[in-house]
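These protein sequences, in sequence, are chains A and B. Just so you know, we're using the working numbering here: the first sequence kicks off at 171 and counts up by one. Just so you know, we're using the working numbering here: the second sequence kicks off at 171 and counts up by one.
Number of protein chains: 2
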Amino acid sequence: MENKLRIGIIGLGTVGCGVVKVLSKMDDVEIICAAVKNTAKKREVELNCITDNPFDIANNPNIDVVVEVAGGCAMLDVLKAAIQNKKHIVTANKELLARHGAELFDLAREHNRVILYEAAVAGGIPIILPIKTSLSANKFNSVAGILNGTTNYILTKMDEENLSYEDCLLKAQQLGFAETDPTGDVEGFDAMYKIAILANIVFGKRIDVNKIYKEGITKISALDIRYANELGYKIKLIAQAKKVDNDALDIRVHPMLVSKERPISEIKNATNAVLLNGFPVDKVMFVGPGAGEFPTASSVVGDILCIKSEIEKCGEILPMTTCHHSEYANQIDIEDTKNCYYLCIKAKNEPGEIGKIGFECGRHAINISCIIQKEAMDDGSATVIVITGECLEKDINTMISNLESDGITKVVNKIRVM
Amino acid sequence: MENKLRIGIIGLGTVGCGVVKVLSKMDDVEIICAAVKNTAKKREVELNCITDNPFDIANNPNIDVVVEVAGGCAMLDVLKAAIQNKKHIVTANKELLARHGAELFDLAREHNRVILYEAAVAGGIPIILPIKTSLSANKFNSVAGILNGTTNYILTKMDEENLSYEDCLLKAQQLGFAETDPTGDVEGFDAMYKIAILANIVFGKRIDVNKIYKEGITKISALDIRYANELGYKIKLIAQAKKVDNDALDIRVHPMLVSKERPISEIKNATNAVLLNGFPVDKVMFVGPGAGEFPTASSVVGDILCIKSEIEKCGEILPMTTCHHSEYANQIDIEDTKNCYYLCIKAKNEPGEIGKIGFECGRHAINISCIIQKEAMDDGSATVIVITGECLEKDINTMISNLESDGITKVVNKIRVM
């Protein structure tokens, strides 16, 4: 088509400005208008039309595609209106999709529109479309990865510079890798939304984000990282979804000890990585920038160009598979998952303590693959590090409470092993 | 559409059988017939129709898509006939595409058919479609990678088990990682075809495969690998294409020293990796199985399913961008490329030798970033390892011939540094 694809943008933050900059170099795509919270605010980019009412975008008859990069769930009704007004949607909004995706995809299907969201997971890394296209012959057993750049940056710095979590968070905030309120990243919400989206595509089921087990990195200490290193592991915030018995799904986000033998343990700073395991492809890994103005814009504009080429070549009906799934996944509880564990135990520094730990593990049929007594403290306590064999989460928890029942022994940290 | 997509397969080797096995699980794709060299040969898969005349496939009116997994260039005319008979093509044939791609893509364009070839580069790794879709907003500066599993397996074993090239080749052949005649892999032909295909997509120009500089791994010694390790490098067969001044392209395949700091140095055995560097995405890496029955089938069947969904949703006109490029790339000669070099020099074990090397480098304005004298030999010679700063290939070559002009000093190996 000779006529340009007409874009409306909701949100002109870092990503929004990146998208405008990239699109401004293209003569076949035109930005009609942008909606922002505060129209008076000075921005890096100049646009002819700026509004503070996002419905101006959703209702504008001269807009073909609405790009939503505002974040949060406030724009749900706006996007619904846009779809009802026959606009295609490109969004980088992981929370909105994880919480209200099904609703939006159903509506899009009803109105024969597409919602593309390559940027919503792993920033600039192409992962959503490859799963839907090149890898569509596969049945997947698992998808896992490092999906949050902020926490990976913090954990990398803690590891490389042997600093505390607090110091590294501050550093990340100063460098703009972490927000003033870092909760969404460090408590694992961001990674949780992303793994919900990936699980939805990979397993073709609706995912209840509220049933995803989530643990952040705030309890990881420099000591844990040092001990992990001594044992041949790095500590990473891993988001994963895997198939277990009778097609149930085990979906969760929490820190894990990752063997240095695994390439993913080498993923540093704000870089993201996504691992897929399926048949017939076996294992593939995608690595790249998980966030940032331009990498994210790469995915957003990539989606826009996909829509453009589809419209040009197919007219209005788009082949890109929307994620319409009626059935909900059967998500198992963390208590019923099997894991190996790293335990950092503060015990009385006296004979028999290690025996007691061994005895409690034995009582719950938990194998110990490694146990090390660390330096004794002045308060007469000693740190003992245990790596267990695979066992049920509920069993390790009972074992821990029994171990702590003496009122002296304390399991300072429990971290799962990948 | 309710009616099945009808497939004709040319070639029932490892990949062909993998494709049949994967397709046999799908009820919306039907294999009509397969063409093979020897119809009598016993195979893992059973098909109702087998012919030894590939034109039976190209001319069969009941076939929608021709899957070519025969390899080599013998099937060029067959594929042309198939396209003229309005069939879409899915191929894993890197040599055919690298040598005759332009011709085939032009013909496909003329007849409004597509040629998909995800499996032709990096086996099961989705790379071609992602470049054309999710990453289509990017201008790329370079594409590079480990594109040949056989050579990477051999180099990994040489490194891990400190074995000679010959021993590892034999091992690879016994395990089926290398063919009886390993030339295509170990001399770099396979990687050359693949980088030609990638460069074509990434830079949008026709590539003359005969102008690609190519060096295999046969001259790499266990000693080179040991010295590289001591200096913090791994040796990998790297295929790369990068933009240089005034849009000229530097495309080549040869062994390189890769710093252990780079994730790609960790890619082991038959695994492949592709690195892309562009704007706005910055750096992304794709890792996975570069060959094998099922990983390759994953890409072939993925392409088949893409064609299916396109036909269902767009009718016959397919949106997937074919690689129609009229203009040839300006490919620079290896003599005009700039590199850092590892030199393994056999010199007389006497005072002044290192001085002489330093002098010759200085004369050609070649910086030395590292020089180490290794153990002396009984024949009165000593090995000196040099890592140079960046300089022109033609300058290092003149320097080397000057160095060797004394008839005693010998540069045993010259390996470029990534």
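Don't be surprised by glycine CBs; every beta carbon is placed ideally from N, CA and C.
Here DSSP, grouped into helix, strand and coil, assigns B:V457 to strand. Around the CB of A:F310, 16 or more other CB atoms lie within 10 Å, so the residue is classed as buried. Contact between the stretch 463–478 of chain A and the stretch 286–301 of chain A is present: 3 or more CB-CB pairs across the two stretches fall below 8 Å. For A:F225, the enclosing alpha helix (DSSP H) begins and ends at F225 to A228.
By the criterion of a C-beta distance shorter than 7 Å, A:P433 is surrounded in its chain by M455, once the five residues flanking it on both sides are discounted. Of the other Cβ atoms in all chains shown, 16 or more fall within 10 Å of the Cβ of A:Y323; this residue is therefore buried.
Beta-bridge annotation (DSSP): A:M426 is paired with A:K406 and A:R586. Around the beta-carbon of A:D506, fewer than 16 other beta-carbon atoms lie within 10 Å, marking it exposed.
Annotation: the continuous beta strand (DSSP E) that includes A:A443 extends over T441 to F449. Annotated three-state conformation of B:G528 is helix, per DSSP. E288, G294, I295, P296, L299, P300, T303, S304, L305 and S306: these are the residues of the stretch 288–306 of chain A whose beta carbon lies less than 7 Å from some beta carbon of chain B, given in chain order. Within the stretch 313–332 of chain A, no residue has its Cβ closer than 8 Å to any Cβ of chain B. In its chain, beyond the 5 residues on either side, I298, I301, K302 and C493 have a beta carbon closer than 7 Å to the beta carbon of B:I371. Under the three-state reduction of DSSP output, B:H270 falls in the helix class. Membership of B:V356 in the alpha helix (DSSP H) is indicated by the continuous run T353 to V356. Residue-level contact by beta carbon holds for B:V192 and chain A, with a gap shorter than 8 Å. Distance from A:H270 to A:V235 at the Cβ level is roughly 19 Å; contact not present, criterion being Cβ atoms closer than 8 Å. When rounded, the separation of the alpha-carbon atoms in A:L286 and B:I555 is 53 Å.
Per DSSP, the continuous alpha helix (DSSP H) segment holding B:S571 begins and ends at E563 to E574. At a beta-carbon threshold of 9 Å, none of the residues of chain A lie near B:L368; the nearest stands roughly 15 Å away. If you check the CB distance, A:L325 and A:V291 do not come in under 8 Å. Proximity of A:P425 to chain B, defined by a Cβ-Cβ separation below 8 Å, is not satisfied. Of the other Cβ atoms in all chains shown, 16 or more fall within 10 Å of the Cβ of B:Q501; this residue is therefore buried.
By the C-beta criterion, the stretch 347–367 of chain A is judged to be in contact with the stretch 419–427 of chain A, since at least 3 inter-stretch pairs fall below 8 Å.
Put simply, the CB of A:K453 is near chain B, with a gap under 8 Å to one of its CB atoms.
With the rule of 3 Cβ pairs closer than 8 Å, the stretch 517–532 of chain A counts as touching the stretch 543–557 of chain A. Annotation: the continuous alpha helix (DSSP H) that includes B:Y335 extends over Y335 to Q344. Those residues of the stretch 207–234 of chain B placed with their C-beta closer than 9 Å to a C-beta in chain A do not exist. Taking CB atoms only, A:C476 has a neighbour in chain B less than 8 Å away. About 24 Å separates the CB atoms of A:L305 and A:L274; that is not less than 8 Å, and the two are not in contact. Residue burial annotation: A:L345 is exposed, with fewer than 16 other C-beta atoms found within 10 angstroms of its C-beta. A distance of 8 Å or more separates the beta carbons of B:D222 and B:V237.
In this structure, the CA atom of A:V457 is about 44 Å from the CA atom of B:P231.
In the three-state reduction of the DSSP assignment, A:R376 falls in the strand class, which pools E and B.
Leaving aside the five residues that flank A:A251 on each side, the residues in its chain whose CB is nearer than 8 Å to its CB run, in chain order, F225, A228 and N229. A direct Cα-to-Cα measurement between A:A535 and A:D417 gives close to 27 Å.
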